[in-house]
Amino acid sequence: MIITKNIKMADVIHTNYFTLSVLNRFGIELGFGDKSVDEICKKNNVDVDFFLEIVNAFVDKDYFPKKHLQTFSVKLITDYLQKTHDYYHKLKVPEIEHLIEEMVDSCYTQKENIVLLKKFFNDYKQELLNHTRREEEIVFPYTLAIEKAYNSVESDNSVIELMETYSIEIFQNEHDNIEEKLLDLRNIIIKYLPQPKNSRLCNKLLYELFNLEQDINDHSRIEEKVLVPKIREMEKIITKKFAEK
Amino acid sequence: MYKATFIIIEKSYLIRKGLISIIEKIPNTQVIQQFDNEDDLKTPANFESDFIIINPNLLNANTLNIIKKIAKNTQVISLSEKSIVLTKELEWTTQIYLDDTQNSILKKLNTLIGNRETKNVKSEVPEEISKREIDILKNIALGYSNKEIADKLFISTHTVVTHRKNITRKLGIKTVPGLTIYAILNKIIDINNTGKSKS
């Protein structure tokens with residue numbers, strides 16, 4: 001189902017409760033009554049078209065926003081991506097850590113195995129942190145600089161110099177598969193870990209891992225399908241503009 | 246678990262969707278990417294797949310080159326009307342026609358997947374990892390590089406890489422830390438000895 005402006009916001013969540021996390025990132029709180037997506041977005045100062053693209057891309061992984069999304073500013077996109085980073089580090093990762101901690105505490109028969117999981121996830125957390133930090137420190141500022149140069153009338157040499165040292169192509173090539181380790185962890189728990197007595201915790205942990213993995217996938221998809229093509233296009237035009245001068 | 250992966254390159258959304266829904270009826274298959282135009286092909290994020298299904302009308306000098314390069318490991322399938330003449334520059338494994346019935350498409354694909362599976366997996370006992378692979382796994386878990394493992398076991402680096410691929414496929418674990426945990430859980434290495442040792 002494709003979500004549109006006039007659908008009730010409540011129905012968006014009824015359709016797919018994973019969208020809760022997206023709403024969260026836009027700072028939209030529950031209790032919408034029968035108000036539509038459009039009304040709720042206006043009330044929260046959210047660009048409704050941008051919201052629709054993001055939420056649709058989230059619900060349907062084959063949804064290709066391309067053309068439409070190109071009209072949004074890069075800032076809007078990086079702001080959203082930044083919020084997803086915060087969501088991982090401030091919410092999701094601590095939740096998972098807490099669950100693993102609980103498993104360590106409640107498990108007597110194979111504590112050492114759970115401690116292994118804990119260490120594995122700890123390393124992963126560091127990797128995720130490095131990954132998102134790199135985006136925040138290098139990639140996002142670069143894309144914003146490109147957008148600025150793209151919008152300005154006069155061509156500025158400094159952006160050309162910047163483009164010589166970095167390009168969105170580099171980002172795309174080095175954009176590593178950050179979900180890979182999560183998949184491993186999931187497989188280890190499902191297939192190989194001797195099951196702890198407390199299977200409730202174990203199931204909960206798995207559920208959270210699935211959840212995080214899906215969210216990270218969605219995040220990468222927005223970077224690769226939206227941000228990268230948009231910047232690549234801008235780079236081309238800037239180079240051309242400069243060459244003509 | 247062996248999973249047959251597909252990339253679809255076709256302009257029409259309807260046709261892509263239709264084809265995907267047929268492919269997904271076959272167990273353990275996945276369409277990993279789809280393209281609706283030849284331009285996007287230039288910078289694919291991930292181009293490793295078992296099969297590429299392409300509408301030959303979308304082939305141009307550029308795309309032809311890209312596909313030729315990857316066609317060593319990937320089988321190319323055409324998707325077109327019956328009357329079309331296919332370029333001889335590519336090795337086509339089979340052709341899917343727009344007026345094929347679902348059964349005939351399923352049959353064509355199943356045959357291809359079957360062939361590929363026996364070629365890849367050599368119909369061994371599924372998912373059981375061999376003694377040699379355990380040796381390799383142990384060394385990976387201990388932190389040795391491919392080159393070091395090759396030297397230690399007197400085999401080529403290439404062989405080590407092949408073993409690693411098989412281990413990953415059988416266990417469903419890709420990363421070194423993941424493999425290390427598996428090795429510890431299965432007592433292939435000792436939890437107190439997870440670093441490189443001189444012995």
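In the order they appear, the protein sequences are chains A and B.
Counting in our numbering, the first sequence runs from 1 upward without gaps.
Counting in our numbering, the second sequence runs from 246 upward without gaps.
Backbone N, C-alpha and C fix where the C-beta goes; we use that ideal spot for every residue, glycine too.
{"query": "Does Ile231/A come out as helix, strand or coil in the three-state DSSP assignment?", "result": "helix"}
{"query": "Within the 7 Å Cβ cut-off, does Ile412/B reach chain A?", "result": "no"}
{"query": "So for Lys8/A, helix, strand or coil by DSSP?", "result": "strand"}
{"query": "Report the rounded CA-to-CA distance for Lys432/B versus Ile322/B, giving the unit in angstroms.", "result": "45 Å"}
{"query": "Pair every Cβ in the region 148 to 157 of chain A with every Cβ in the region 95 to 106 of chain A, then say whether three or more of these pairs are closer than 8 Å.", "result": "no"}
{"query": "Can you give me, in chain order, the residues of the region 2 to 31 of chain A that have a beta carbon less than 9 Å from any beta carbon in chain B?", "result": "none"}
{"query": "Taking the alpha-carbon of Val228/A as reference, which of His219/A, Gln172/A and Lys148/A has the nearest alpha-carbon?", "result": "Gln172/A"}
{"query": "Which one or two residues does DSSP pair with Ile298/B in a beta bridge?", "result": "Ile253/B and Ile322/B"}
{"query": "When you check each C-beta in the region 117 to 140 of chain A against every C-beta of chain B, which residues fall closer than 7 Å?", "result": "Phe120 and Asp123"}
{"query": "State whether the region 44 to 52 of chain A contacts the region 214 to 232 of chain A, with contact taken as three or more CB pairs (one from each stretch) at a distance under 8 Å.", "result": "no"}
{"query": "Alpha carbons only, please: which of Asn318/B, Leu398/B and Val276/B is nearest the one belonging to Lys248/B?", "result": "Val276/B"}
{"query": "Count the other CB atoms, across all protein chains shown, that sit within 10 Å of the CB of Ala428/B; report buried if there are 16 or more and exposed otherwise.", "result": "buried"}
{"query": "Alpha carbon to alpha carbon, what distance is there between Gln340/B and Val22/A?", "result": "42 Å"}
{"query": "Select from the region 416 to 435 of chain B all residues with a C-beta closer than 9 Å to any C-beta belonging to chain A, and list them in chain order.", "result": "Leu416, Gly417, Ile418, Lys419, Thr420, Pro422, Gly423, Leu424, Thr425, Ile426, Tyr427, Ile429, Leu430 and Asn431"}
{"query": "Is Ser266/B helix, strand or coil by DSSP?", "result": "helix"}
{"query": "Use the C-beta contact count for Gly359/B: other C-beta atoms within 10 angstroms, 16 or more gives buried, fewer gives exposed.", "result": "exposed"}
{"query": "Taking only the alpha-carbon atoms, compute the straight-line gap between Glu213/A and Lys181/A and give it to the nearest angstrom.", "result": "10 Å"}
{"query": "If you drop the 5 nearest sequence neighbours on each side, which residues of the same chain put their C-beta closer than 7 Å to that of Ser401/B?", "result": "Ala395"}
{"query": "Which residue spans inside the region 151 to 210 of chain A form an unbroken beta strand (DSSP E) run of at least 3?", "result": "none"}
{"query": "Helix, strand or coil: how does DSSP classify Thr420/B here?", "result": "coil"}
{"query": "Since Glu180/A meets chain B, which of its residues come closer than 8 Å, beta carbon to beta carbon?", "result": "Lys419 and Thr420"}
{"query": "Taking the alpha carbon of Glu378/B as the reference point, which residue from Ile254/B, Ser390/B and Asn411/B has its own alpha carbon closest?", "result": "Asn411/B"}
{"query": "If you measure from the beta carbon of Ala188/A to each beta carbon in chain B, is any gap under 7 Å?", "result": "Residue identity check: residue 188/A is Ile in the sequence provided, not Ala. Yes - at least one Cβ of chain B is within 7 Å of the one on Ile188/A."}
{"query": "Does the region 327 to 342 of chain B come close enough to the region 304 to 313 of chain B that 3 or more CB-CB pairs lie under 8 Å?", "result": "yes"}
{"query": "Between the region 138 to 154 of chain A and the region 109 to 123 of chain A, do at least 3 Cβ pairs fall closer than 8 Å?", "result": "no"}
{"query": "When the Cα of Ala149/A is compared with those of Lys240/A, His85/A, Leu205/A and Arg133/A, which residue comes out closest?", "result": "Lys240/A"}
{"query": "With Ile297/B and Ile260/B assumed to form a contact (beta carbons below 8 Å), what rounded beta-carbon distance in angstroms separates them?", "result": "Not really, about 15 Å apart at Cβ, beyond 8 Å."}
{"query": "Got a sec: is the Cβ-Cβ distance from Tyr108/A to anything in chain B below 7 Å?", "result": "no"}
{"query": "Let me confirm a value: Ala243/A is counted as buried when at least 16 other C-beta atoms fall within 10 Å, else exposed. Which label applies?", "result": "exposed"}
{"query": "Could you pull the DSSP bridge partners for Thr274/B from this structure?", "result": "Ala249/B"}
{"query": "Measuring CA to CA, which of Ile299/B, Ala306/B and Leu357/B is closest to Thr274/B?", "result": "Leu357/B"}
{"query": "I need the straight-line Cα distance from Tyr192/A to Leu201/A, nearest angstrom please.", "result": "16 Å"}
{"query": "In chain B, which residues lie less than 7 Å from Asn113/A when you measure between Cβ atoms?", "result": "Leu430"}
{"query": "Since Ile341/B sits in a beta bridge, which residues does DSSP pair it with?", "result": "Leu324/B"}
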